[in-house]
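Taking numbering that gives the first Met the number 0, the leading residue of the first sequence gets 0, the next gets one more, and so forth. Let me begin by presenting the structure, written as structure tokens, before commenting on it.
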Amino acid sequence: MAKDAGGLTSRAEDFPRWYQEVVAGAEMAENGPVRGTMVIRPWGFGIWELLQGELDRRIKDAGAENAYFPLFIPEAFLGLEKEHVEGFSPETWVVTHGGGKPLEEPVVVRPTSETVVNHFFAKWIQSHRDLPLLVNQWSNVVRWEMRTRLFLRTSEFLWQEGHTAHATEQEATDYAVRILRDAYLDTIESVMRIPTFVGLKTDRERFAGAIRTWACEGMMGDGKALQLGTSHELGQNFARAFDIQYADESGARSYVHQTSWGASTRLIGGLIMVHGDDFGLRLPPALAPSQVVVMVVRADEHTDRASAAIADELRSAGLRVRIDDQTAASFGRRAIDWERKGVPVRIEIGPRDLAEDRAVVVRRFDRSKQSVGLSSLLAEVRSALERTSAVLHAEALAFREAHTTSVETLEEAVEAAAEGFAVLPASEVGEAGEDTLAGYGITVRCLQRADGSLPGVDEGDLSAVVGKSY
RNA sequence: CGGGGAGUGGCGCAGUAGGUAGCGCGCCUGCUUUGGGGGCAGGAGGCCGGGGGUUCGAGUCCCCCCUCCCCGACCA
């Protein structure tokens with residue numbers, strides 16, 4: 000029966016349905032009352048807060064400072080950069096009324112903030128001494144979407160968007176790549192434990208208004224790709240549109256070179272689809288709102304006291320611990336609920352264990368159980384958390400490798416992309432090839448060197464990673 | 001926007017010769033149980049998406065409208 004695995008549809012049976020059931024069953028999010036909107040519940044938001052903390056620290060390490068720009072943007076701003084407006088006009092929400100009356104000038108709800116940020120950059124940047132200007136904001140953005148899916152695509156979503164201005168194109172390129180690597184790639188690999196392809200986007204996939212887009216791409220559990228973070232070089236496009244000029248040492252005026260980059264709550268969708276299994280979510284310890292749940296099997300004074308003591312010990316060691324003493328609910332029900340939420344380690348404490356000064360440690364990643372002496376509990380939990388982190392990455396990497404095929408021709412790529420990614424010489428694709436692939440629902444996810452590393456600007460002889468995507 | 005489907009307790013659904021609205025899960029109370037979705041007993045909760053029509057009588061038949069979901073085109 001399909002419902003054997005903790006009440007969820009199996010991934011193999013119906014992956015999209017499994018995804019929705021995990022999002023709902025783990026109490027992460029649900030649809031808002033307005034089409035395409037999302038309510039992020041405490042468990043989902045707790046994951047986001049941890050992820051946000053990791054990204055924020057790395058962004059600050061890269062020198063950017065946080066700021067905040069308004070939600071409402073004058074409609075006229077959007078039109079100032081030609082490609083940008085063409086790219087975003089179809090997805091904007093426009094406010095036409097306020098205070099019960101039509102607005103004299105309609106206001107756009109930000110789909111992204113390049114325009115309003117650069118309006119201010121023009122004021123703030125006068126001299127080469129004002130550069131580089133490195134600003135990040137955490138915010139919501141709103142876009143019209145045809146079809147929405149919780150976390151993966153919603154009309155309103157949370158993200159961070161960075162905006163920078165530099166004196167030279169080289170500096171801008173370096174910074175865009177630095178963010179991609181040090182903030183995004185590092186967070187996705189070492190915190191989220193998702194194996195990641197990095198590379199350059201083709202012109203077709205480039206951000207509206209950018210000259211180059213760099214991206215992190217992950218493979219989901221169904222073989223499809225998900226873009227996990229992008230970093231754009233805007234060249235001088237917005238600088239010209241918003242007249243952002245600086246005076247160099249000699250007093251000559253030049254337009255700045257810019258970048259913008261973003262990562263969103265979509266990352267949570269990726270987390271689910273990469274690590275989840277038929278029993279629900281599996282969280283990497285770094286992103287688990289509770290890393291350990293101490294389950295009281297049966298309530299009495301012994302188990303209550305013991306579970307509190309264990310929780311204290313683990314907390315003192317810096318772990319996020321939660322006690323589940325809701326013994327009015329059955330044991331099985333509670334075990335399944337925590338499993339679905341993806342808590343990495345469960346400790347079960349009942350009279351049987353306490354009689355021997357032991358506890359049962361359950362690892363979520365393989366659902367293995369082990370009876371452990373109380374004195375070595377902390378060490379066992381730590382080791383289980385480390386194993387979790389290592390295994391999640393290893394399993395995801397093995398899956399991606401098993402579903403990535405090196406091919407030589409477009410025809411072979413189409414065939415291989417039915418199962419996952421195909422990697423082929425970029426020269427075999429080209430713009431015409433991209434059109435062909437698009438006919439099969441396949442896109443070029445990124446261009447990279449043959450060894451998988453990031454290419455340089457205008458570098459030839461690249462490989463194209465292609466596949467179906469979310 | 002094109003093609004398909006659905007609106008009935010919180011969730012998932014059943015409900016056609018039109019005749020007083022049901023089931024599972026969840027929820028509340030009590031007892032019992034608790035080592036992988038417990039058991040028994042009692043209980044609460046519905047303008048059947050909206051409006052009009054046919055009829056003695058409409059969840060069910062007719063007309064109009066609204067919303068949502070799935071597949072495709074757009075996208076972090």
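In this text, a Cβ means the ideal position worked out from N, Cα and C, and glycines have one as well. Predicted model only: the values in this text are computed from it and were never measured.
Exercise for review: With a cut-off of 8 angstroms on the beta carbons, I'd call Val-344 and Val-291 a contact; round off their distance for me.
Suggested key: 5 angstroms
Review point. Thinking C-beta only, is Ser-154 closer than 7 angstroms to Thr-36?
Key: yes
Practice item. Starting from His-96, follow its DSSP beta bridges and name the residues at the other end. Key: Pro-101
Review point. Which class does Pro-69 belong to by DSSP, given the choice of helix, strand or coil?
Key: coil
Check your understanding: Looking at the structure shown, is Phe-87 part of a helix, part of a strand, or coil, going by DSSP?
Key -> helix
Check your understanding: Applying the criterion that 16 or more other CB atoms from any shown protein chain within 10 Å of the CB defines a buried residue, is Val-38 buried or exposed?
Key -> exposed
Exercise for review: Quick one: using the 10 Å Cβ neighbour count with 16 as the cut-off for buried, is Met-191 buried or exposed?
Suggested key: buried
**Study point:** Assigned secondary structure, Met-0 (DSSP; H/G/I helix, E/B strand, else coil)
**Key:** Here the model assigns Met-0 a pLDDT of 29, short of 50, so the residue's position is not dependable, and the following value carries that caveat. Coil, per DSSP.
Review point. What's the call for Pro-350, buried or exposed, on a 16-neighbour Cβ count within 10 Å?
Key: exposed
Practice item. Can you tell me which of Arg-265, Arg-57, Leu-376 and Glu-355 puts its alpha carbon nearest to the alpha carbon of Arg-362? Key: Leu-376
Point to revise | Within the region 31–72, ranges of the alpha helix (DSSP H) (whole runs, at least 4 residues) | key: 41–60
Point to revise | Cutoff 6 angstroms; reference Val-413; Cβ partners in own chain excluding five residues on either side | key: Tyr-439
Exercise for review: In the DSSP assignment, find the beta strand (DSSP E) that holds Glu-347 and state where it starts and stops.
Suggested key: 344–348
Point to revise | Validate contact between the region 114–134 and the region 227–247 using beta carbons, cut 8 angstroms, 3 pairs | key: yes
Check your understanding: Can you tell me the Cα-Cα spacing of Asp-3 and Ala-310, whole angstroms?
Key -> Note that Asp-3 has pLDDT 46, beneath the 50 cutoff, so the model's placement of it is unreliable and the number below is only indicative. Asp-3 and Ala-310: Cα-Cα distance of roughly 31 angstroms.
Practice item. List the DSSP bridge partners of Met-218. Key: Ala-224
Check your understanding: Quick one: is Ala-416 buried, meaning 16 or more other Cβ sit within 10 Å of its Cβ, or exposed?
Key -> buried
Practice item. For Lys-368, name the three-state secondary structure that DSSP assigns. Key: strand
Check your understanding: Buried or exposed: where does Pro-131 fall if 16 or more other Cβ atoms within 10 Å of its Cβ makes it buried?
Key -> buried
Check your understanding: Say the cut is 6 angstroms; is the CB of Lys-340 nearer than that to a heavy atom of the ligand ZN?
Key -> The model depicted lacks the ligand ZN and carries no ligand whatsoever.
Practice item. Report the residue from Asn-117, Leu-184 and Ile-210 whose alpha carbon sits nearest the alpha carbon of Ala-164. Key: Asn-117
**Study point:** Given 8 angstroms, three or more beta-carbon pairs between the region 304–318 and the region 373–389
**Key:** yes
Review point. Quick one: what's Arg-321 bridged to in DSSP?
Key: Val-292
**Study point:** Exposure of Tyr-67, with buried meaning 16 or more beta-carbon neighbours within 10 Å
**Key:** exposed
Review point. Of the choices Phe-278, Ile-210 and Pro-32, whose alpha-carbon is the least far from that of Trp-17?
Key: Phe-278
Check your understanding: Using DSSP with H/G/I as helix, E/B as strand and the rest coil, what is Lys-467?
Key -> coil
Review point. How far does the beta strand (DSSP E) with Thr-153 in it reach, from first residue to last?
Key: First-last for Thr-153: undefined, no H or E at that position.
Review point. Any chance the region 58–67 sits against the region 140–149, with 3 or more Cβ pairs inside 8 angstroms?
Key: no
Review point. Going by the CB atoms, is the gap between Ser-259 and His-162 shorter than 7 angstroms?
Key: yes
Check your understanding: For the 8 angstroms Cβ check, are there 3 or more pairs between the region 5–25 and the region 321–340?
Key -> yes
Check your understanding: Can you list the alpha helix (DSSP H) stretches of 4 or more residues lying completely in the region 252–284, in chain order?
Key -> 265–274
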